[in-house]
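Note that the protein sequences, when read in sequence, are chains A and B. Residue numbers are given in our numbering: position 39 of the first sequence equals residue 107, and the series is strictly consecutive. Residue numbers are given in our numbering: position 292 of the second sequence equals residue 362, and the series is strictly consecutive. All C-beta atoms in this analysis are idealised placements derived from N, C-alpha and C, irrespective of residue type, glycine included. Just so you know, these numbers come straight off a predicted model, no measurement behind them.
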Amino acid sequence: MTTDLLDRPITETEAQLLAIYEALKTIEGADLAPCAASNVRVALAALGIAVTDLGLVYEHLLDHKC
Amino acid sequence: MHDYGFWNPKTETLPREDLRALQFTKLQRLTAWAEARSPFYRRSFAAAGFSSDQLKTWDDIQRIPFLTRDEWMRSQDEHPPYGELPVAGPEAAIRMHTTSGTSGRTPLRALDTRKDWAWSAEMWCYGLWAMGVRPHDVGYLAFGYGTFIGFWGLHNGLEKLGALTLPGGAQTTTQRVKQIIDFGVTVVGTTPTYAFRMAQEAQELGIDLAGSAVHTLILSGEPAGSIPETKRLIEEAWGAKAYDTAGMTEISTIFMFEPKEQPGGCHIIEDHFIEQVIDPETGEELPYGERGERVTTSFGRGIIPLIRYRTADAVVKVPYTVAGNGRTFDLYEGGILGRVDDMKLVRGTNVYPAAVEAVVRGFPIEEFQIRIERVGIRDEIFLTVEPTADTTETQWVEMSERMGAELADAHEGLRFIIERASTGELPRFELKAKRLRDLR
């Protein structure tokens with residue numbers, strides 16, 4: 069993804085945030101120990117807020133247990 | 071390190087047309103989410119002949135049906151305990167909070183997922199940052215932690231921002247005042263009424279609050295935070311700036327905050343909400359400067375989509391230019407101005423006359439009256455009850471105790487002062503009864 073919700077180009081740091089967010093979504097579905105699964109969800113919820121605040125993404129994460 | 075003047079510089083300073091485009095994109099996705107996942111919205115949209123794919127222009131928002139508190143409560147009653155608004159069951163949530171309902175029997179129950187709850191704190195961070203609160207601050211929450219949502223979000227917002235956060239629950243007022251002094255607290259979250267109470271307590275203890283480290287009071291739960299005279303008295307007593315906020319359990323957090331410049335109103339957090347002001351009679355949207363009913367759409371809570379919710383709060387919206395602080399979020403002038411329905415706010419708790427009546431009528435009574443008064447610095451709610459003529463004094467004592475317990479149970483622990491009227495003393499009504507007097 070190279071643009072935000074307003075179709076404007078995103079910055080390099082925004083792209084990095086998005087990459088982490090997507091990686092967390094992917095790993096959340098993996099078979100993780102409870103200690104890892106819970107903390108990944110905490111991190112995913114936090115990143116979800118950040119990328120929403122920045123207007124990069126808008127979606128709910130119930131399917132990712134967040 | 072860059073010194074950011076805004077919590078979210080990117081959206082708080084967006085040109086209005088871009089802000090509106092962002093809101094509209096979110097609205098399209100939110101309505102599609104609600105339509106696909108919430109049985110309530112699926113039915114409600116269909117009944118109104120609306121479908122999320124009809125949202126093409128901003129004016130199409132008017133096609134979305136309103137949601138009322140009565141509809142939410144009815145859904146809870148028909149499909150207990152949470153109704154059909156939620157898109158998932160409680161197994162998907164990590165928090166549940168309640169607020170007093172309109173029936174007197176069932177509270178409104180609101181769920182939050184992990185992300186929803188994190189978002190609730192985030193909205194407080196927008197406000198905290200705008201008030202000048204920073205990570206080096208020491209925050210204190212003077213409220214009883216419970217299922218009443220109160221200052222939970224502020225607590226979590228302070229922690230998220232990086233401030234040292236002291237939970238002041240389960241303390242006497244004396245203990246709270248002493249802790250505020252002893253721990254060098256700089257930011258206090260409280261209702262306006264309790265800000266006065268703590269100031270009075272400090273005076274009795276010989277503590278100079280105005281000379282303390284407290285520089286910021288965050289007020290919520292009552293409209294008084296935006297009443298200039300009340301705010302001035304609080305600021306004088308504390309020697310600190312007082313900032314107004316307002317939120318509601320139905321959205322889980324605040325939707326507006328007063329910025330450091332104190333421009334006479336509160337900014338709406340418009341990248342996370344669409345706030346409309348309507349004529350409560352016609353439902354038509356009103357222009358800037360006209361008093362009407364606040365209708366909110368929240369983008370934050372995923373498990374309970376809140377779309378075009380009629381809050382019954384009375385507000386006047388003014389353009390962002392009034393503030394002149396670089397933020398492009400519009401404001402509610404004077405904060406929340408009152409209600410367009412008959413709900414009363416007593417020490418932060420919603421009181422609906424119908425809910426009180428539902429409890430009182432469960433007892434052998436002839437008539438009753440509700441009276442709300444300011445007693446010293448505190449709002450009190452009195453209930454004058456005329457029991458049936460054959461009620462003995464012993465029966466009255468037992469009945470009034472049970473009535474008080476049930477009323478407190480239905481109103482987040484709020485204490486009603488119950489008085490007995492003699493037989494025939496209270497007025498009778500043939501048409502529209504007038505059983506509530508607000509003398510504040």
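Interface positions of the stretch 74-85 of chain B facing chain A (Cβ-Cβ less than 9 Å), listed along the chain: 77, 78, 80, 81, 84
Among B:461, B:222, B:381, B:215, nearest to residue 241 (chain B) - alpha-carbon criterion: Position 171 of the second sequence holds residue 241 (chain B). Checking every option, the nearest Cα to that of residue 241 (chain B) belongs to B:215.
Under 8 Å from the C-beta of residue 372 (chain B): neighbouring residues of chain A: Against the second sequence, residue 372 (chain B) aligns to sequence position 302. The answer, in chain order, is 128, 129, 130.
Any C-beta of chain A under 9 Å from that of residue 184 (chain B): Position 114 of the second sequence, counted from the start, is the residue given in the question as residue 184 (chain B). Closer than 9 Å: yes.
Contact list for the stretch 99-110 of chain A against chain B, Cβ threshold 8 Å: 109, 110
Given residue 277 (chain B) as reference, the closest of B:245, B:377, B:398 once Cα atoms are compared: Counted from its first residue, the second sequence places residue 277 (chain B) at position 207. Nearest option by C-alpha distance: B:245.
Close Cβ partners of residue 103 (chain B) (< 8 Å) along its chain, the five nearest in sequence each way excluded: Here the question's residue 103 (chain B) lines up with position 33 in the second sequence. Around residue 103 (chain B), the same chain offers 157, 372, 375 as residues with beta carbons nearer than 8 Å, after the five sequence neighbours per side are excluded.
Assumed close pair residue 369 (chain B), residue 198 (chain B) - CB separation to whole angstroms, cut-off 8 Å: Your numbering for residue 369 (chain B) matches position 299 in the second sequence. Your numbering for residue 198 (chain B) matches position 128 in the second sequence. Not a contact, Cβ separation roughly 20 Å.
Neighbour flag for residue 103 (chain B) against chain A, beta carbons, 9 Å: Translated into positions along the second sequence, residue 103 (chain B) becomes position 33. It does: the Cβ of residue 103 (chain B) has a partner Cβ on chain A nearer than 9 Å.
Where residue 88 (chain B) meets chain A, residues with beta-carbon distance less than 7 Å: By 1-based counting over the second sequence, the position of residue 88 (chain B) is 18. Per Cβ cutoff of 7 Å: 74.
First and last residue of the uninterrupted beta strand (DSSP E) at residue 439 (chain B): As a working note, residue 439 (chain B) is residue 369 in the second sequence. From DSSP, the beta strand (DSSP E) with residue 439 (chain B) extends over 435-445.
For residue 294 (chain B) and residue 270 (chain B), the rounded distance between their alpha carbons: Position 200 of the second sequence, counting from 1, holds the residue named residue 270 (chain B). Position 224 of the second sequence, counting from 1, holds the residue named residue 294 (chain B). Residue 270 (chain B) and residue 294 (chain B) have their C-alpha atoms spaced approximately 17 Å apart.
C-beta neighbour in chain A for residue 157 (chain B), strict 9 Å: Reading the second sequence from its first residue, position 87 is the one you call residue 157 (chain B). Residue 157 (chain B) belongs to the set of residues whose beta carbon lies under 9 Å from a beta carbon in chain A.
Simplified DSSP state of residue 326 (chain B), which is helix, strand or coil: Working through the second sequence from its first residue, we reach residue 326 (chain B) at position 256. The answer is strand: DSSP assigns residue 326 (chain B) an E or B state.
Validate contact between the stretch 81-88 of chain B and the stretch 115-127 of chain B using beta carbons, cut 8 Å, 3 pairs: no
DSSP-derived helix/strand/coil call for residue 202 (chain B): Start at 1 with the first residue of the second sequence, and residue 202 (chain B) comes out as number 132. Of the three classes helix, strand and coil, the one that applies to residue 202 (chain B) here is coil, per DSSP.
Rounded separation between residue 228 (chain B) and residue 490 (chain B) - CA only: Start at 1 with the first residue of the second sequence, and residue 228 (chain B) comes out as number 158. Start at 1 with the first residue of the second sequence, and residue 490 (chain B) comes out as number 420. Straight-line Cα distance between these residues: approximately 46 Å.
Proximity below 9 Å, CB of residue 208 (chain B) to CB of residue 283 (chain B): Position 138 of the second sequence, counted from the start, is the residue given in the question as residue 208 (chain B). Position 213 of the second sequence, counted from the start, is the residue given in the question as residue 283 (chain B). The answer is yes: Cβ separation under 9 Å.
Distance CB(residue 403 (chain B))-CB(residue 416 (chain B)) smaller than 9 Å: Here the question's residue 403 (chain B) lines up with position 333 in the second sequence. Here the question's residue 416 (chain B) lines up with position 346 in the second sequence. In this structure, residue 416 (chain B) does not lie closer than 9 Å to residue 403 (chain B) by Cβ.
Any C-beta of chain A under 9 Å from that of residue 453 (chain B): Counting from one through the second sequence, the residue named residue 453 (chain B) turns up at place 383. No, because no Cβ of chain A sits closer than 9 Å to the Cβ of residue 453 (chain B).
CB contact below 9 Å: residue 112 (chain A) versus chain B: Walking along the first sequence from the start, residue 112 (chain A) turns up at place 44. Chain B contact via Cβ: present.
Helix, strand or coil at residue 363 (chain B) according to DSSP, with G and I counted as helix: For the purposes of this step, residue 363 (chain B) is identified with residue 293 of the second sequence, where counting begins at 1. In this structure, residue 363 (chain B) counts as strand in the three-state DSSP scheme.
Under 8 Å by beta carbon: chain B residues contacting residue 85 (chain A): The sequence position of residue 85 (chain A) within the first sequence is 17, counting from 1. Ordered by position in chain B, no residue passes the 8 Å Cβ test against residue 85 (chain A), which lies about 12 Å from the chain.
Three or more C-beta pairs below 8 Å linking the stretch 187-206 of chain B and the stretch 143-159 of chain B: no
Anticipated Cβ contact below 8 Å, residue 380 (chain B) with residue 137 (chain B), distance rounded: Looking up residue 380 (chain B) in the second sequence gives position 310. Looking up residue 137 (chain B) in the second sequence gives position 67. That pair is a contact at about 7 Å.
Inter-residue Cα distance where the pair is residue 55 (chain B) and residue 236 (chain B): Shown here, chain B extends from 71 to 510; a query on residue 55 (chain B) therefore has no answer.
Contact set between the stretch 185-219 of chain B and chain A, restricted to residues whose Cβ is under 7 Å from the partner: Residues 185, 188, 189, 192.
Counterpart residues of residue 456 (chain B) in DSSP-defined beta bridges: Taking the second sequence and counting its residues from 1, the one referred to as residue 456 (chain B) is at position 386. Residue 456 (chain B) is bridged to B:437.
Selected residue, minimal CA-CA separation from residue 249 (chain B), among B:336, B:268, B:232: One-based indexing of the second sequence puts residue 249 (chain B) at position 179. Checking every option, the nearest Cα to that of residue 249 (chain B) belongs to B:268.
Own chain partners of residue 93 (chain A) with C-beta closer than 7 Å, once the 5 adjacent residues on each side are dropped: Position 25 of the first sequence, counted from the first residue, corresponds to residue 93 (chain A). Cβ neighbours of residue 93 (chain A) beyond the five flanking positions: 112, 132.
C-beta neighbour in chain B for residue 123 (chain A), strict 9 Å: Along the first sequence, read from residue 1 onward, the residue named residue 123 (chain A) stands at position 55. Interface residue, yes.
Through-space distance from residue 111 (chain B) to residue 398 (chain B), alpha-carbon basis: Here residue 398 (chain B) corresponds to residue number 328 of the second sequence, with the count starting at 1. Here residue 111 (chain B) corresponds to residue number 41 of the second sequence, with the count starting at 1. Whole-angstrom Cα-Cα distance: 31 Å.
Residue 498 (chain B), buried or exposed, once every other Cβ within 10 Å from all chains shown has been counted against 16: Reading the second sequence from its first residue, position 428 is the one you call residue 498 (chain B). Residue 498 (chain B) comes out exposed.
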